[in-house]
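Chemist:
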């Protein structure tokens, strides 16, 4: 009878850190399961179901059109009808404003998993992006329908929409990871984020055109990473008829990159203490 050689498990200091990204990739099935769970929980026992993803942009567009176009008489950007201009701004804003709170609360909402099973903690905030991405896809479909209704042509510039969406996603992930790590220790963060999102809605050119911003204020205005993203969406659906403030693109890339780097670095630095603090 042959005997199997004894299997020895070697524990190396820093091994988990060295193989973090490989372990994260191997946890992709877990990320998928958690993402499906989040979507299921959100629409469980909901009468309208996924139709809520249509309700939000429609109501916002109607409110902005009534208040800013009909009452305040704000001009459109010249290339798009006002309602379509607002919706083009709302689509990327929905992606950002949904992803940021979900990311920020992801670790606290999944505290039962953190102390029981070992896996790269980054899997939890990544899985929380599912609802934001779903809302974005639904609102993008609504944008396409409204383009058809207004007779706006579909041009090659629409192929660049994923690039602008990625910029919005990177900014939300960077800020969201930082807030998620802070939220584990300081629960006040969950109250600050909705307020920050509400303020950001008015600082982002959704109800108005960026062309109304004076030239001297544009370097400061485009420090908001969503400002250029909104302009990019409008430029794409207008077939390039609207001009882009290209210094804003550089500012956006730098701002989003810094947010992503700082957020990821802070999350990785503090994630080993999550189980003790949460």
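Numbering (the numbering used here), first residue to last: -14 to 263. The beta carbon of each residue, even a glycine, is placed where N, CA and C say it ideally should be. Keep in mind that this is a model prediction, so the values were computed, not measured.
Pairs of beta-carbons, one from the segment 192 to 208 and one from the segment 110 to 117, closer than 8 Å: are there three or more?
Modeler: The answer is no - the segment 110 to 117 does not touch the segment 192 to 208, with fewer than three Cβ pairs under 8 Å.
Chemist: Is it a yes or a no for the segment 46 to 61 touching the segment 176 to 184, going by three-plus beta-carbon pairs under 8 Å?
Modeler: With a cut-off of 8 Å, the segment 176 to 184 and the segment 46 to 61 do not count as touching, because too few Cβ pairs lie within range.
Chemist: Keeping to the same chain, check which residues put their C-beta closer than 6 Å to that of residue 258; ignore five residues upstream and five downstream.
Modeler: Position 273 of the chain shown, counting from 1, holds the residue named residue 258. Nothing listed; no residue qualifies.
Chemist: Under DSSP, the alpha helix (DSSP H) around residue 81 begins and ends at which residues?
Modeler: The count along the chain shown starts at 1 and reaches residue 81 at position 96. Residue 81 -> alpha helix (DSSP H) spans 67 to 94.
Chemist: Under 7 Å Cβ to Cβ from residue 23, same chain only, skipping five residues before and after it: list those, please.
Modeler: Indexing the chain shown from 1 puts residue 23 at position 38. Excluding residues within five positions, the ones whose Cβ falls inside 7 Å are 112, 113, 115, 116.
Chemist: Assuming residue 235 is part of the alpha helix (DSSP H), what are its boundary residues?
Modeler: If you number the chain shown from 1, residue 235 lands on position 250. From DSSP, the alpha helix (DSSP H) with residue 235 extends over 231 to 255.
Chemist: Please tell me whether residue 142 and residue 220 are closer than 9 Å, where the distance is taken between their beta carbons.
Modeler: Position 157 of the chain shown, counted from the start, is the residue given in the question as residue 142. Position 235 of the chain shown, counted from the start, is the residue given in the question as residue 220. Yes. Within cutoff.
Chemist: Less than 9 Å between the C-beta atoms of residue 244 and residue 159, yes or no?
Modeler: Against the chain shown, residue 244 aligns to sequence position 259. Against the chain shown, residue 159 aligns to sequence position 174. Closer than 9 Å, so yes.
Chemist: Ends of the alpha helix (DSSP H) at residue 19?
Modeler: Start at 1 with the first residue of the chain shown, and residue 19 comes out as number 34. Unbroken alpha helix (DSSP H) run through residue 19: 13 to 28.
Chemist: Residue 106 by DSSP, collapsed to three states: which one?
Modeler: Here residue 106 refers to the residue found at position 121 when the chain shown is read from its first residue. Here residue 106 sits in coil by DSSP.
Chemist: Could you round the C-beta distance between residue 229 and residue 157 to whole angstroms and report it? I think they count as a contact, below 8 Å.
Modeler: Taking the chain shown and counting its residues from 1, one reaches residue 229 at position 244. Taking the chain shown and counting its residues from 1, one reaches residue 157 at position 172. Not really, about 21 Å apart at Cβ, beyond 8 Å.
Chemist: Are the C-beta of residue 124 and some C-beta of chain B separated by less than 9 Å?
Modeler: The chain inventory of the structure shown lacks chain B, comprising one protein chain alone.
Chemist: In or out: residue 155 buried (at least 16 other Cβ within 10 Å) or exposed?
Modeler: Stepping through the chain shown from its first residue, residue 155 is reached at position 170. Under this definition residue 155 is a buried residue.
Chemist: Around the Cβ of residue 128, are there at least 16 other Cβ atoms within 10 angstroms (buried) or fewer (exposed)?
Modeler: The residue labelled residue 128 in the question sits at position 143 within the chain shown. Buried is the call here.
Chemist: Does the separation of the CB atoms of residue 121 and residue 77 fall below 9 Å?
Modeler: Along the chain shown, read from residue 1 onward, the residue named residue 121 stands at position 136. Along the chain shown, read from residue 1 onward, the residue named residue 77 stands at position 92. Taking 9 Å as the Cβ cut-off, residue 121 and residue 77 qualify as a contacting pair.
Chemist: With three or more beta-carbon pairs closer than 8 Å as the criterion, would you say the segment 233 to 249 touches the segment 206 to 214?
Modeler: Enough Cβ pairs lie closer than 8 Å, so yes.
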